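Reading through the structure tokens given below for one structure.
Number of protein chains: 2
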Amino acid sequence: MAAVDLTTHPGHLARRLQQAHYLLWNTMVSEEITSPQFAVLNALVAEPGLDQRTVGERVGLDRSTIAEVISRLGRRGLLGKVRDPRDGRRFLLRLTDEGLRTHRKLTVRTARMNQVFLAPLSADEQALFFELIRRVADAAEGLRNPAEPLVAQR
Amino acid sequence: MAAVDLTTHPGHLARRLQQAHYLLWNTMVSEEITSPQFAVLNALVAEPGLDQRTVGERVGLDRSTIAEVISRLGRRGLLGKVRDPRDGRRFLLRLTDEGLRTHRKLTVRTARMNQVFLAPLSADEQALFFELIRRVADAAEGLRNPAEPLVAQR
DNA sequence: CCGAAATAGTCAGTGCCCTGATTAATCAGC
DNA sequence: GCTGATTAATCAGGGCACTGACTATTTCGG
Numbered sequence: 001m002a003a004v005d006l007t008t009h010p011g012h013l014a015r016r017l018q019q020a021h022y023l024l025w026n027t028m029v030s031e032e033i034t035s036p037q038f039a040v041l042n043a044l045v046a047e048p049g050l051d052q053r054t055v056g057e058r059v060g061l062d063r064s065t066i067a068e069v070i071s072r073l074g075r076r077g078l079l080g081k082v083r084d085p086r087d088g089r090r091f092l093l094r095l096t097d098e099g100l101r102t103h104r105k106l107t108v109r110t111a112r113m114n115q116v117f118l119a120p121l122s123a124d125e126q127a128l129f130f131e132l133i134r135r136v137a138d139a140a141e142g143l144r145n146p147a148e149p150l151v152a153q154r
Numbered sequence: 001m002a003a004v005d006l007t008t009h010p011g012h013l014a015r016r017l018q019q020a021h022y023l024l025w026n027t028m029v030s031e032e033i034t035s036p037q038f039a040v041l042n043a044l045v046a047e048p049g050l051d052q053r054t055v056g057e058r059v060g061l062d063r064s065t066i067a068e069v070i071s072r073l074g075r076r077g078l079l080g081k082v083r084d085p086r087d088g089r090r091f092l093l094r095l096t097d098e099g100l101r102t103h104r105k106l107t108v109r110t111a112r113m114n115q116v117f118l119a120p121l122s123a124d125e126q127a128l129f130f131e132l133i134r135r136v137a138d139a140a141e142g143l144r145n146p147a148e149p150l151v152a153q154r
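So the protein lines, in turn, are chains A and B.
Mapping the first sequence onto UniProt numbering, position 112 (from 1) lands on 112, and the numbers just tick up by one.
Mapping the second sequence onto UniProt numbering, position 68 (from 1) lands on 68, and the numbers just tick up by one.
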């Protein structure tokens with residue numbers, strides 16, 4: 001009888017939070033485009049011509065996952081990739097008109113969804129919610145990336 | 001240039017939080033047993049003899065996902081399933097000795113990991129962190145399950 | 001200039017997560 | 001008792017997420 005209370009386990013809560021979000025996204029935003037796909041579109045609206053790896057870095061996806069997501073977006077005709085003439089290893093990514101249109105449309109719906117999702121919290125609590133999660137996630141990421149030395153003297 | 005700031009999007013934060021947790025779990029708890037698998041073991045420590053669907057309900061996994069997780073735990077010999085003699089549709093699940101041992105071992109490591117994961121927050125903030133996430137997740141789940149009427153008069 | 005190290009991307013493999021369709025067993029109303 | 005609805009589990013299919021191994025290209029040291 002040494003069972004544990006999962007509601008005090010941050011990993012379990014994080015998973016439940018993400019599932020809840022997934023569901024709501026599906027009903028309120030899009031059944032075609034997923035939240036990670038929207039994140040990629042958004043990164044390319046902010047910085048057109050990024051390469052694949054950098055997009056992954058911006059949205060927090062590893063090289064394998066970002067490759068799949070981009071391939072799906074490419075198949076849907078939302079973005080195009082061209083070899084970087086200055087570095088033959090890279091592909092440069094750019095949204096198509098269709099991709100831009102999709103991003104615009106989803107931006108509106110996403111804002112609505114976020115309001116519904118966060119409705120149980122007051123404005124102050126929402127700010128706290130963001131801050132606490134960000135601090136925990138940032139710290140954990142820092143544990144993995146061995147904290148780029150401020151004076152990089154490799 | 002209508003790009004959005006993803007750090008104010010709860011879904012994006014939830015995903016990053018979960019990824020950070022996944023990484024830490026892998027290095028501090030186990031490379032074999034995942035966090036959802038531990039949740040299932042834990043549910044069966046608390047309530048031995050549950051059927052598959054109910055376990056899924058306890059830990060927040062749908063029927064398809066719980067089937068996969070249980071099949072993996074079965075392959076590893078951590079649990080056994082028997083047909084319910086009183087209801088031939090159900091399988092009753094029970095941990096093996098090996099399963100109990102694994103749960104005990106991981107419980108200790110999980111506690112350590114949670115401490116490290118939550119270290120950036122003070123005790124008060126940790127309590128807030130749990131409460132805010134739980135409120136948002138519960139509310140979103142409530143949106144889907146049409147809120148079982150208190151006086152069920154179907 | 002040339003070989004070694006680093007970097008971008010792909011591929012194979014594992015696991016989580018959902019939906020919709022199907023199968024088998026049980027239950028409820030007539 | 002039988003038929004129809006419900007329920008537990010499985011299966012097919014799509015997408016996200018990671019690791020480790022591999023290929024191709026670039027860059028750096030000598």
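All residues carry an ideal CB built from backbone N, CA and C; glycine is no exception.
The structure presented is a predicted model; accordingly, all values stated were derived computationally and were not measured.
Asked: Under 8 Å Cβ-Cβ, which residues of chain A neighbour B:Glu125?; Found: Leu132
Asked: According to DSSP, is B:Gly11 part of a helix, a strand, or is it coil?; Found: helix
Asked: Give, in chain order, every residue of the stretch 77-95 of chain B whose Cβ lies closer than 8 Å to some Cβ of chain A.; Found: none
Asked: Contact check, A:Pro10 vs B:Asn114 under 8 Å by CB: the rounded distance?; Found: 6 Å
Asked: Indicate whether at least one CB of chain A lies closer than 7 Å to the CB of B:Ala140.; Found: yes
Asked: Scan the UniProt domain "HTH marR-type" (1-138) of chain B and note each continuous beta strand (DSSP E) run of 3 residues or more that stays entirely inside, going in chain order.; Found: 79-84, 87-95
Asked: For B:Leu106, would you say it is in contact with chain A, using Cβ-to-Cβ distances shorter than 7 Å as the test?; Found: no
Asked: If contact is defined by three or more beta carbon pairs under 8 Å, each pair taking one atom from either stretch, is the stretch 78-91 of chain B in contact with the stretch 97-107 of chain A?; Found: no
Asked: Taking just the CA atoms, how far does A:Ser30 sit from B:Val45?; Found: 39 Å
Asked: Please compile the residues from chain A whose C-beta is within a distance smaller than 7 Å of the C-beta of B:Gln18.; Found: Ala14, Arg15, Gln18
Asked: Can you say whether A:Arg16 is buried or exposed, counting buried as having 16 or more other CB atoms within 10 angstroms of its CB?; Found: buried
Asked: Can you give me the C-alpha to C-alpha distance between A:Met28 and A:Thr110, rounded to a whole angstrom?; Found: 8 Å
Asked: By Cβ distance, which residues of its chain are closer than 7 Å to B:Ala119, with the 5 residues on each side in sequence left out?; Found: none
Asked: Could you work out which residue in B:Asp5, B:Pro36, B:Leu132 is closest to B:Ile70 when comparing CA atoms only?; Found: B:Pro36
Asked: When you compare the CB of A:Gly11 with every CB in chain B, is at least one pair closer than 7 Å?; Found: yes
Asked: Rounding to the nearest angstrom, what Cα-Cα distance links B:Val116 and B:Gly88 in this structure?; Found: 45 Å
Asked: Using only alpha-carbon positions, find the residue among A:Val59, A:Leu121, A:Arg58, A:Phe91 that is nearest to A:Gly74.; Found: A:Phe91
Asked: Would you say A:Gly60 faces chain B, with C-beta separation under 7 Å as the test?; Found: yes
Asked: In angstroms, rounded to a whole number, what distance separates the CA positions of A:Gln18 and B:Gln19?; Found: 11 Å
Asked: Going by C-alpha to C-alpha distance, which of B:Leu6, B:Val40, B:Gly49 sits closest to B:Glu57?; Found: B:Val40
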